[in-house]
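**Student:** Please find one structure pasted underneath; my questions will follow.
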Amino acid sequence: MQPSLTITYPSGESALLTLEGDWTLDQMRLEWSGFQLELAARASLHRVRLECAQLGQWDSRLLTLLQALFDFAEERGIELDLSGLPEGVVRLLKLSRAVPERTGNPHQEATGSLLHNIGEMTLAGWRELQQFNAFVGELLLSFGRLLSGRASFRRIDLLRFLQSAGPEALPIVTLIGLLVGAVLAFVGAVQLQMFGAEIYVANLVGLGSVREMGAMMTAIIMAGRTGSAYAAQLGTMQVNDEIDALKTFGISVIDFLVLPRTLALLLMLPLLTLWADVLGILGGLLVGVLVLDISLLEYLIQTRDSMGLWDLAVGLIKSVIFALVIAMSGCLRGLQSGRNSSAVGNATTSATVTAILLIVIWDAITTILFNQLGI
Amino acid sequence: MGRVATAATTDREAHIQVRGLTMAYGEVVIQRDLNFAIGRGDVFIIMGGSGCGKSTLLRHLIGLKPPAAGEVIYHGSSLWDHTDEERDSLMRRMGVLYQSGALWTSMTLAENVALPLQQYTRLPTGQIRELVSYKLALVGLRGFEDYYPAEISGGMQKRAGLARAMALDPELLFFDEPSAGLDPVSARRLDDLILELNQSLGTTVVVVTHELASIFAIGNNSVFLDPESKTMIAAGDPNTLLKTSTDPRVISFLTRGEAAQRTHREEGR
């Protein structure tokens, strides 16, 4: 049966609300706001009585309406007569109103002016910078302890990180290295063919891989693969109080967690970069020999002549910087992570974004620097 | 109220003294002006309703969070006035059992318990292994050495956490909600273990809990934090508090609100 609510006025200052029918969630919805407007229009109202003789089934639908009525009555100082309600309804209502409403929303956004927001952002940026500086300092001290043999972490951890940041990353680095080399060759070939200078594809691919793409592509892969993993590992440890547990044993978090991860990347990223360099050249060679009809020997000799040892060193120096960037953003974001699962997700995302951003910026800086120095 | 707290511990040497401690997250004050002392050999209960800052107080006591004001005093000087090395060595002499156990999930139970021993003792591997087995056996986890934390139940993780907290035979043990998530029998066993450690080794124990059965069974000193007034409103032996306290909030807490309900019902009639 359809629910209905009728309001009658036995006298000028009292109202009688008659509830009829089934007040359940699967029935038609009656909007309370309309009735509230009607009641609010009568300024002289002091008493409201509820009558439920014809009330059928009821559930939370009825209670939410009564809750709204209660709030309304409380606000206006109207006396409510509940004697007509079923006993269960009255008990549930009393229970839901036993504890007073908490006022003040803790998550209310401070909607300040533009200046206010700029100020907040500046302060947040300043705090971020301070945290970053402190982290760099602690990591430096930790390296100092490592050199003097006082840094304590488990050797097995280091081996595990070496394994996951090295051999386990080989397949994807192989694939990307090959493809990037091949793509470089194709792009270069289209231009160089116009001058009949296809052979210089070897120079382009060789130098491009060794000085730039090898280090950068490997670093970007590792930022997505290993940097994010570090952030997720440390973030989860934060959620699980594991970091606090280390601290309360007086074990340095930097020595125990950050140092082995940084070391693993510092050792493995240059090696992976070398591997990517070789495969980049191989990718270019495949395109050169199979598509551009350059002879194998010619291509190899051209490649050899095009680059010196310094070009290789430039790529490796970059990869060392990238390794530090990836490990530090991963670990710092992980340690800064909040204590819930979505915070760990944010930490992971922000670790990857920070790392890739810094990789590209550092790549630009070093490239310009080496260029100016004529290396 | 401060007098009650000191009166309860004057005859014993204070292990930890808290003076004028105010705890805050940013600008939100959690508790202010806490003054109490934890005597050597006490089983000290930090109690109060949900969200009153019990766990936060624990984090202040173990030096994970610096106070907004006031100080936590160990051996005559504030925890944050000690040098880093002194604080590390203080921390080495305390064990903490976190609410979730907080075991290092990438290590087996044996490795978890062994790590503090490897860090701070020069014991040979064989002896460490013996010690680890003994600590695990003490909490009823004999034979679980090679399990990873994810492979055992929550209650077992908690007990393994206790084994790790006891690894260095600390003179001070902290428990954050030890019985949360445990069945009544396991909770009781844990209480017995806490009492045993306290009585046989003289370990000072600090427990954050709102489990009434535990409070009365093991506690001999306490502080009661109130979320409304944001400060401590009672201190001392919980059993004495139950009999002598006149504060309705304390009585209501210690009797599961039954005292208040009783009067309420009588009023109703």
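Residue numbers (my numbering), protein chains in the order written: chain C, 15 to 389; chain R, 66 to 334.
Using N, Cα and C, we set each Cβ at its ideal position, and we do this for glycine too.
1) Leaving aside the five residues before and after His125/R along the sequence, list all residues of the same chain whose C-beta is less than 7 Å from its C-beta, in chain order.
2) Excluding the 5 residues preceding and the 5 following Leu227/R in the sequence, name in chain order all residues of the same chain whose CB lies nearer than 6 Å to its CB.
3) Return yes when the C-beta of Ala29/C is under 7 Å from any heavy atom of the ligand HEM, and no when it is not.
4) Do Ile340/C and Leu279/C have their beta-carbon atoms positioned less than 8 Å apart in this structure?
5) Can you find a CB in chain R that lies within less than 8 Å of the CB of Thr262/C?
6) Measuring only the C-alpha atoms, how far is Gly329/C from Ile308/C?
7) Can you give me the Cβ contacts of Ala233/C inside the same chain, cut-off strictly under 6 Å, excluding the 5 residues immediately before and after it?
8) Are there 16 or more other CB atoms within 10 angstroms of the CB of Ser333/C, so buried, or fewer, so exposed?
9) How about Ala246/C and Val358/C: are their beta carbons less than 8 Å apart?
10) Suppose the cutoff is 7 Å on Cβ atoms and the five residues either side in sequence are ignored; what does the same chain contact list for Ala232/R look like?
11) Within 8 Å (strictly less), CB to CB, does Glu182/C reach chain R?
12) Any chance you could list the alpha helix (DSSP H) runs of at least 4 consecutive residues sitting entirely within the segment 101-158 of chain C, in chain order?
13) In the DSSP assignment, what residue or residues form a beta bridge with Val367/C?
14) I believe Cys345/C touches Val272/C by the beta-carbon criterion, under 8 Å. Please report the beta-carbon distance rounded to the nearest angstrom.
15) By the 10 Å Cβ neighbour count, where 16 or more other Cβ atoms means buried, how is Trp140/C classified, buried or exposed?
16) Starting from the C-beta of Ala282/R, find all residues in its chain whose C-beta is less than 7 Å away, skip the five residues before and the five after it, and write them out in chain order.
17) Compute the Euclidean distance between the alpha carbons of Asp76/R and Asp291/R, then round it to the nearest angstrom.
18) Within a Cβ cutoff of 7 Å, which residues of the same chain sit near Ile213/C, ignoring the five residues on either side of it in sequence?
19) What are the residues of the segment 160-175 of chain R that lie near chain C, defined by any Cβ-Cβ distance shorter than 7 Å?
20) Please report whether the beta-carbon of Pro132/R lies at a distance below 8 Å from any beta-carbon of chain C.
21) Does Ser166/C have its Cβ less than 8 Å from a Cβ in chain R?
22) Closer than 9 Å by beta-carbon distance: list the chain R residues that pair up with Asp258/C, in chain order.
23) May I have the straight-line CA-CA distance separating Leu310/C from Leu326/C, to the nearest angstrom?
24) Which same chain residues end up closer than 6 Å to Leu266/R when comparing Cβ atoms and leaving out the 5 residues on each side of it in sequence?
25) For the putative contact between Val272/R and Ile110/R, defined by C-beta atoms under 8 Å, what is the C-beta separation to the nearest angstrom?
26) Which stretch, first to last residue, makes up the alpha helix (DSSP H) that contains His147/R?
27) Name the DSSP beta bridge partners of Val62/C, please?
28) So who's on the other strand from Gln60/R, going by DSSP bridges?
29) In the structure shown, what three-state DSSP assignment does Val272/R receive?
**Tutor:** Considering the structure as presented:
1) If you number the second sequence from 1, residue 125/R lands on position 60. For His125/R, where only same-chain residues beyond five positions count, the Cβ hits under 7 Å are Leu86, Met88, Pro132, Val137.
2) Here the question's residue 227/R lines up with position 162 in the second sequence. Within the same chain, Leu227/R has close Cβ partners Leu162, Val204.
3) Ligands displayed in this structure: none; no statement on the ligand HEM is therefore possible.
4) One-based indexing of the first sequence puts residue 279/C at position 265. One-based indexing of the first sequence puts residue 340/C at position 326. Between Leu279/C and Ile340/C, the gap from beta carbon to beta carbon is short of 8 Å.
5) Taking the first sequence and counting its residues from 1, the one referred to as residue 262/C is at position 248. By this cut-off, Thr262/C is an interface position.
6) Here the question's residue 329/C lines up with position 315 in the first sequence. Here the question's residue 308/C lines up with position 294 in the first sequence. About 27 Å.
7) For the purposes of this step, residue 233/C is taken as the residue at position 219 of the first sequence. Around Ala233/C: Phe336, Ile373.
8) Counted from its first residue, the first sequence places residue 333/C at position 319. That one is buried.
9) Mapped onto the first sequence, residue 246/C falls at position 232. Mapped onto the first sequence, residue 358/C falls at position 344. Contact flag set, yes.
10) On the second sequence, residue 232/R is found 167 positions in, with the first residue counted as 1. Excluding residues up to 5 positions away in sequence, Val178, Pro181, Leu182, Lys200 lie with their Cβ nearer than 7 Å to the Cβ of Ala232/R in the same chain.
11) For the purposes of this step, residue 182/C is identified with residue 168 of the first sequence, where counting begins at 1. No, because no Cβ of chain R sits closer than 8 Å to the Cβ of Glu182/C.
12) 101-110
13) What you label residue 367/C is simply residue 353 of the first sequence in a count that begins at 1. According to DSSP, Val367/C bridges with nothing at all.
14) As a working note, residue 345/C is residue 331 in the first sequence. As a working note, residue 272/C is residue 258 in the first sequence. Between Cys345/C and Val272/C the beta-carbon gap is near 4 Å, inside 8 Å, which marks them as a contact.
15) The count along the first sequence starts at 1 and reaches residue 140/C at position 126. With fewer than 16 other Cβ atoms within 10 Å, it is exposed.
16) Your numbering for residue 282/R matches position 217 in the second sequence. Here the set comprises Asp256.
17) For this step, residue 76/R is matched to residue 11 along the second sequence. For this step, residue 291/R is matched to residue 226 along the second sequence. No answer about Asp76/R holds up, because its pLDDT of 47 lies below 50 and its placement is not dependable.
18) On the first sequence, residue 213/C is found 199 positions in, with the first residue counted as 1. Excluding residues within five positions, the ones whose Cβ falls inside 7 Å are Ile308, Glu312, Gln316.
19) Cβ contacts with chain C come from Val161, Tyr163, Ser165, Ala167, Trp169, Thr170.
20) Mapped onto the second sequence, residue 132/R falls at position 67. So no, Pro132/R is outside the interface.
21) Here residue 166/C is taken as the residue at index 152 of the first sequence, counted from 1. With 8 Å as the cut-off, Ser166/C counts as an interface residue toward chain R.
22) Stepping through the first sequence from its first residue, residue 258/C is reached at position 244. In chain order: Arg124, Ile127, Leu129, Val161, Tyr163, Ala167.
23) On the first sequence, residue 310/C is found 296 positions in, with the first residue counted as 1. On the first sequence, residue 326/C is found 312 positions in, with the first residue counted as 1. Near 22 Å, if we compare the C-alpha coordinates of Leu326/C and Leu310/C.
24) Counted from its first residue, the second sequence places residue 266/R at position 201. Closer than 6 Å at Cβ, skipping near neighbours: no residue.
25) Position 207 of the second sequence, counting from 1, holds the residue named residue 272/R. Position 45 of the second sequence, counting from 1, holds the residue named residue 110/R. Cβ atoms of Val272/R and Ile110/R come within 8 Å of each other, at about 5 Å.
26) Locating residue 147/R in the second sequence gives position 82, where the first residue counts as 1. Run containing His147/R: none; DSSP gives neither H nor E here.
27) In the first sequence, the residue the question calls residue 62/C occupies position 48. Its beta-bridge partners are Ala29/C, Leu94/C.
28) Residue 60/R is absent from the structure shown; chain R starts at 66 and stops at 334.
29) Reading the second sequence from its first residue, position 207 is the one you call residue 272/R. Here Val272/R sits in strand by DSSP.
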